[in-house]
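Protein sequence lines correspond, in order, to chains X and Z. 0 is the number of the first residue of the first sequence in numbering that gives the first Met the number 0; add one for each residue after it. 0 is the number of the first residue of the second sequence in numbering that gives the first Met the number 0; add one for each residue after it. Every residue, glycine too, gets a C-beta built ideally from N, C-alpha and C.
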Amino acid sequence: MITLLEARNIGKRFGGLQALSDVSLTIRKGEVYGLIGPNGAGKTTFFNVLTGAYTPDGGEFVFNGSELPTGKPHKVVGRGIARTFQNIRLFRELTALENVMAGHHIRTKAGVWGVLTQNRFTREEERLTTERAYELLKYVGIERFAEVVSKNLSYGDQRRLEIARALATEPQLLALDEPAAGMNATETAQLKALIEQIRRDGITVMLIEHDVKLVMGLCDRVAVLDFGKKIAEDVPAVVQKNEAVIAAYLGGGKHAH
Amino acid sequence: MTPRSVVGVMPARLMDPTAAPDWRLVRLGRGIMETLIQQLINGLVIGSVYALIALGYTMVYGILGLINFAHGDVLMVGALVALQTMTFLMGMAPGMSPLVMLSIALLVAIVVCMLLGFTMERLAYRRLRNAPRLAPLITAIGVSFLLQTIAMIIWGRNYHTYPQLISTTPLQPIEGVFITPVQITIIFGSAALMIGLLLLVNRTKIGRAMRATAENHRVASLMGVDTNAVIAFTFVIGAGLAAVAGVMFASNYGIAHYGMGFMPGLKAFTAAVLGGIGNLGGAMLGGLVLGVVESFGAGYIENLTFGFLNSSYQDIFAFLILGLVLIFRPTGLLGERVSDRA
Numbered sequence: 000m001i002t003l004l005e006a007r008n009i010g011k012r013f014g015g016l017q018a019l020s021d022v023s024l025t026i027r028k029g030e031v032y033g034l035i036g037p038n039g040a041g042k043t044t045f046f047n048v049l050t051g052a053y054t055p056d057g058g059e060f061v062f063n064g065s066e067l068p069t070g071k072p073h074k075v076v077g078r079g080i081a082r083t084f085q086n087i088r089l090f091r092e093l094t095a096l097e098n099v100m101a102g103h104h105i106r107t108k109a110g111v112w113g114v115l116t117q118n119r120f121t122r123e124e125e126r127l128t129t130e131r132a133y134e135l136l137k138y139v140g141i142e143r144f145a146e147v148v149s150k151n152l153s154y155g156d157q158r159r160l161e162i163a164r165a166l167a168t169e170p171q172l173l174a175l176d177e178p179a180a181g182m183n184a185t186e187t188a189q190l191k192a193l194i195e196q197i198r199r200d201g202i203t204v205m206l207i208e209h210d211v212k213l214v215m216g217l218c219d220r221v222a223v224l225d226f227g228k229k230i231a232e233d234v235p236a237v238v239q240k241n242e243a244v245i246a247a248y249l250g251g252g253k254h255a256h
Numbered sequence: 000m001t002p003r004s005v006v007g008v009m010p011a012r013l014m015d016p017t018a019a020p021d022w023r024l025v026r027l028g029r030g031i032m033e034t035l036i037q038q039l040i041n042g043l044v045i046g047s048v049y050a051l052i053a054l055g056y057t058m059v060y061g062i063l064g065l066i067n068f069a070h071g072d073v074l075m076v077g078a079l080v081a082l083q084t085m086t087f088l089m090g091m092a093p094g095m096s097p098l099v100m101l102s103i104a105l106l107v108a109i110v111v112c113m114l115l116g117f118t119m120e121r122l123a124y125r126r127l128r129n130a131p132r133l134a135p136l137i138t139a140i141g142v143s144f145l146l147q148t149i150a151m152i153i154w155g156r157n158y159h160t161y162p163q164l165i166s167t168t169p170l171q172p173i174e175g176v177f178i179t180p181v182q183i184t185i186i187f188g189s190a191a192l193m194i195g196l197l198l199l200v201n202r203t204k205i206g207r208a209m210r211a212t213a214e215n216h217r218v219a220s221l222m223g224v225d226t227n228a229v230i231a232f233t234f235v236i237g238a239g240l241a242a243v244a245g246v247m248f249a250s251n252y253g254i255a256h257y258g259m260g261f262m263p264g265l266k267a268f269t270a271a272v273l274g275g276i277g278n279l280g281g282a283m284l285g286g287l288v289l290g291v292v293e294s295f296g297a298g299y300i301e302n303l304t305f306g307f308l309n310s311s312y313q314d315i316f317a318f319l320i321l322g323l324v325l326i327f328r329p330t331g332l333l334g335e336r337v338s339d340r341a
């Protein structure tokens with residue numbers, strides 16, 4: 000298996016809180032990789048550091064064989080990592096279609112001059128962007144809402160739209176932060192099917208999720224964070240039986256809550 | 000003819016570059032209807048200029064939540080740079096057609112102001128992006144003083160007469176109603192710029208990136224938008240519009256001065272608040288409404304107060320409006336997003 004992302008000794012401290020300490024993990028191309036752990040374990044912080052929203056205090060990410068820039072989110076996106084958010088963060092005043100088109104921004108080349116003069120290249124590129132955005136809305140199943148301002152979409156559809164927007168950046172690694180949060184059973188099943196489709200289409204998925212059933216059914220491998228440290232990394236069946244993991248989730252042991 | 004500096008005694012109206020055109024023309028023995036139309040035209044002219052300036056305020060506010068109080072001074076720099084260019088061209092190529100000359104001057108002013116806008120953002124505001132709101136606000140006021148002082152050093156403290164390259168001889172489309180070609184140019188020029196801006200923001204990928212950034216920087220950058228570039232671009236566009244507004248303003252009143260940006264800057268800020276700050280359509284509407292109200296106010300204040308106040312008190316209206324809007328409809332005419340901005 001080819002390694003897509005390697006995190007080496009990532010550390011991040013907020014004042015007196017060591018949110019991540021020495022976290023190392025490896026994600027292989029084509030897999031669905033789960034990142035789980037109790038609340039406050041550092042999962043979202045890991046996403047934020049990975050995507051450049053935070054600068055890590057130590058360590059580095061190697062993506063596709065070369066180091067990722069830190070603290071420059073749009074450059075990380077350019078390298079092929081896209082994400083969604085635990086609490087939905089769409090561009091609320093933009094339509095669904097525009098949200099997806101905004102996601103495609105980094106893959107378009109027209110500059111200020113092209114936009115101001117509306118030359119043929121720019122118009123053609125804009126047409127392709129629109130077309131591609133429609134395809135992505137269709138892909139996640141909400142093309143009928145293309146012209147709806149995104150804040151008016153239902154919760155489940157907003158989550159799908161976030162995924163479509165992330166896919167518009169043409170990522171190799173799609174990082175989903177609790178995509179099933181707040182979804183009912185039907186919506187979760189649809190989401191599972193969508194993620195499986197995304198994997199079949201060759202995109203590696205990294206998943207933060209609390210829905211254990213979803214994680215265990217979907218992920219090829221799982222890493223468990225607790226108090227900012229990785230305490231396990233393996234296939235779901237093995238992780239489920241890991242003593243430290245059980246202790247972290249259920250309390251007891253040295254990590255008494 | 001070179002623009003000469005006018006020092007010393009000037010009529011009160013000329014000392015204040017923001018004062019209205021000569022209202023005596025307006026009131027001299029004309030019917031009620033003609034006066035009304037005349038006030039409307041005057042209001043639309045100055046309102047168009049306010050609208051262009053207000054767009055700069057509102058775009059920057061929309062995207063950064065910053066009120067760039069130095070924006071009015073960008074207008075001043077635009078007017079004076081254009082003046083300098085015209086003076087230079089008149090010396091170098093006296094035979095040049097006035098329209099070509101004006102176009103070149105305008106272009107130079109736009110480029111200089113765009114560079115100024117870019118520099119302002121880069122040096123003064125970018126590093127304060129995550130600071131408490133008061134810090135960039137005070138910095139903006141500091142930048143305003145800085146620009147005025149630099150302009151004073153370069154162009155002196157005198158009032159400069161502004162070359163009238165487009166005719167100011169009034170036409171009379173309706174008996175008793177006057178409009179100058181400069182005013183016609185101002186109305187149509189600013190309308191074209193505003194339409195262009197709306198298309199840019201609503202129909203292009205840069206506009207989409209601007210709207211995305213305005214809603215949420217962090218998310219926009221996590222979705223691959225280079226937000227620093229978008230913010231710089233916003234300042235640059237706003238400054239370009241201010242440059243045009245500056246040349247229009249100075250051409251309309253025939254005068255330019257290092258402090259000329261202050262009053263129209265404040266008025267345009269009022270217009271932006273009136274329309275709903277952060278909202279492009281609002282800035283345009285607010286500018287026009289403010290211009291018309293001011294013009295009617297100036298035209299009728301003398302009658303309304305039985306001669307106690309005259310048209311030199313016209314500034315009252317802009318700020319009266321600002322007060323009323325802030326009390327009764329703080330989100331402005333078209334605004335709704337101010338309150339839910341994080």
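DSSP, reduced to helix, strand and coil, places residue 182/X outside both helices and strands of the structure shown, so it counts as coil. CA-to-CA, the gap between residue 3/X and residue 208/Z works out to about 29 Å. The residue from 87/X, 25/X, 71/X and 226/X with its alpha-carbon nearest to that of residue 163/X is 87/X. Boundaries cannot be given for residue 0/X, as no alpha helix (DSSP H) includes it and DSSP labels it neither H nor E. When the beta-carbon positions are compared, residue 80/X and residue 49/X come within less than 8 Å of each other. The three-state secondary structure of residue 172/Z, taken from DSSP, is strand. By the criterion of a C-beta distance shorter than 8 Å, residue 227/Z is surrounded in its chain by 125, once the five residues flanking it on both sides are discounted.
In the DSSP assignment, residue 250/Z forms no beta bridge with any residue. For residue 283/Z, not one C-beta of chain X is nearer than 8 Å to its own C-beta.
The alpha-carbon of residue 288/Z is positioned some 7 Å away from that of residue 46/Z.
Here DSSP, grouped into helix, strand and coil, assigns residue 147/X to coil. Inside the region 183-249 of chain Z, DSSP marks whole alpha helix (DSSP H) runs of 4 or more residues at positions 204-214 and 216-221, from first to last along the chain. In the three-state DSSP reduction, residue 59/X falls in the strand class (E or B). Proximity of residue 143/Z to chain X, defined by a Cβ-Cβ separation below 8 Å, is not satisfied.
Looking at 134/Z, 168/Z, 266/Z and 312/Z, the one whose alpha-carbon comes closest to that of residue 253/Z is 168/Z. The secondary-structure analysis by DSSP pairs residue 178/Z across a beta bridge with 170/Z. By the Cβ criterion, the region 87-105 of chain X is not in contact with the region 232-240 of chain Z, since fewer than three pairs of Cβ atoms, one from each stretch, lie closer than 8 Å. CA-CA distance, residue 135/X to residue 48/Z, rounds to 43 Å. Assignment of residue 189/X by DSSP, reduced to helix, strand and coil, places it in the helix class. Secondary structure note for residue 78/X: its alpha helix (DSSP H) is the uninterrupted segment 72-78.
Shown here, residue 75/Z sits in a helix according to DSSP, grouped into three states. Apart from sequence neighbours up to five positions away, the residues of its chain that approach residue 7/X with a beta-carbon distance below 8 Å are 23, 58, 59, 60 and 61, ordered along the chain.
The region 178-188 of chain Z makes no contact with the region 270-279 of chain Z: fewer than 3 CB pairs, one atom from each, lie closer than 8 Å.
Taking 8 Å as the cut-off, the Cβ atoms of residue 221/Z and residue 131/X do not count as close.
Nearest neighbour of residue 74/X by Cα position, chosen from 207/X, 56/X, 85/X and 52/X, turns out to be 52/X. Runs of the alpha helix (DSSP H) lying entirely within the region 50-126 of chain Z, each at least 4 residues long, are 70-91 and 97-119 in chain order. Restricting attention to alpha helix (DSSP H) runs no shorter than 4 residues, the region 130-162 of chain Z encloses them at 133-154, ordered along the chain.
Under the three-pair Cβ rule at 8 Å, the region 312-319 of chain Z does not count as touching the region 66-78 of chain Z. For the set 42/X, 25/X and 29/X, the Cα lying nearest the Cα of residue 18/X is the one of 42/X. As the crow flies, the alpha-carbon of residue 107/X is around 29 Å from that of residue 56/Z. Boundaries of the beta strand (DSSP E) harbouring residue 33/X: 31-35, taken from the DSSP string.
Among the residues of the region 93-113 of chain X, those with a Cβ less than 7 Å away from any Cβ of chain Z are 93, 97, 100, 101, 102, 104, 105, 107, 109 and 111, in the order of the chain. Across the structure, residue 120/Z and residue 220/X are spaced so that their CA atoms are roughly 46 Å apart. For residue 11/X, the pairing in a beta bridge is given by DSSP as 19/X. Here residue 247/X is near residue 225/X, since their CB atoms are less than 8 Å apart. In this structure residue 281/Z touches residue 331/Z by the C-beta definition: roughly 6 Å separates them, less than 8 Å.
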